[in-house]
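Q: First the structure, which I've put down as structure tokens, then a few questions once you've had a look.
In this note's numbering, the protein residues as written are 1225 to 1443.
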């Protein structure tokens, strides 16, 4: 199961409803109804479940869900989609680079041919009081959700950030548990290599998805 943005006619990155392969989608403000975060002791890492099941975010779900909107040049070299081969995630990243590279060339050509100039926009920021905001984007590694609640004094009362790697943690572990048993007759080094290969397929960013405190710094 994979989650990613969906928008009619294109592969969205900054807006759209959050979709999953079964063809359904939901607005980002409903993420708490469908995505559950839990901690399973003794591990302190948050595990994310979508509709009660581990799920994956990233380039492969994006390409699977938006496959009909890939450029023809990209479709010609893409594997059969949708794909449930986790090792295709890195290939999907390359396909996305090609797809959006072609999109950028068209945008630049349009600007040159029609003498369009880039105009910077000034955005006025309002100090929020007694407000709540939820936003989601497609970061390179997958869906990224930010959720903030401000009190009437303007202070942040509650904040929740779910990074792509945090969403993928549980799916990563479950995938390892399915992938490794048939390989058990192999050497320890071979098993380590295959484990690392599968983990790297998710392109995890541990530093941006975990909180680490050095015990010696507490005092």
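Note that the Cβ used here is the ideal one computed from N, Cα and C, for glycine as well. Just so it is clear, the structure is predicted and the values come from calculations on it, not from any experiment.
Are at least three pairs of beta-carbons, each pair with one atom in the region 1250–1262 and one in the region 1301–1309, less than 8 Å apart?
A: In short, these stretches do not touch, since the Cβ pair count stays below three.
Q: Within the chosen definition, does the region 1281–1294 reach the region 1307–1326 through at least 3 CB pairs nearer than 8 Å?
A: Yes, the region 1281–1294 is in contact with the region 1307–1326.
Q: Under 7 Å from any heavy atom of the ligand GTP, does the C-beta of residue 1425 make it?
A: For the ligand GTP, the structure offers nothing, since it holds no ligand at all.
Q: Less than 8 Å between the CB atoms is what I'm expecting for residue 1368 and residue 1350, so what's the real figure, rounded?
A: Along the chain shown, read from residue 1 onward, the residue named residue 1368 stands at position 144. Along the chain shown, read from residue 1 onward, the residue named residue 1350 stands at position 126. The Cβ separation is near 23 Å, so there is no contact.
Q: Just how far apart, CA to CA, sit residue 1331 and residue 1342?
A: Walking along the chain shown from the start, residue 1331 turns up at place 107. Walking along the chain shown from the start, residue 1342 turns up at place 118. So the two alpha carbons sit approximately 12 Å from each other.
Q: Where does the unbroken alpha helix (DSSP H) through residue 1267 begin, and where does it stop?
A: For this step, residue 1267 is matched to residue 43 along the chain shown. First-last for residue 1267: undefined, no H or E at that position.
Q: What did DSSP end up calling residue 1226 once you bin it into helix, strand or coil?
A: Numbered from 1 along the chain shown, position 2 holds the residue referred to as residue 1226. It is a strand residue.
Q: Apply the 10 Å Cβ neighbour rule to residue 1251 and answer buried if 16 or more other Cβ atoms are within range, or exposed otherwise.
A: Along the chain shown, one-based indexing puts residue 1251 at 27. Classification for residue 1251: exposed.
Q: Grab the span of the alpha helix (DSSP H) containing residue 1382 for me, first residue to last.
A: For the purposes of this step, residue 1382 is identified with residue 158 of the chain shown, where counting begins at 1. Looking at the DSSP string, residue 1382 is not in any alpha helix (DSSP H); the run it does join, the beta strand (DSSP E), is 1380–1386.
Q: Applying the 10 Å Cβ sphere with the 16-neighbour rule, what's the burial state of residue 1325?
A: Here residue 1325 corresponds to residue number 101 of the chain shown, with the count starting at 1. Exposed: under 16 other Cβ atoms inside 10 Å.
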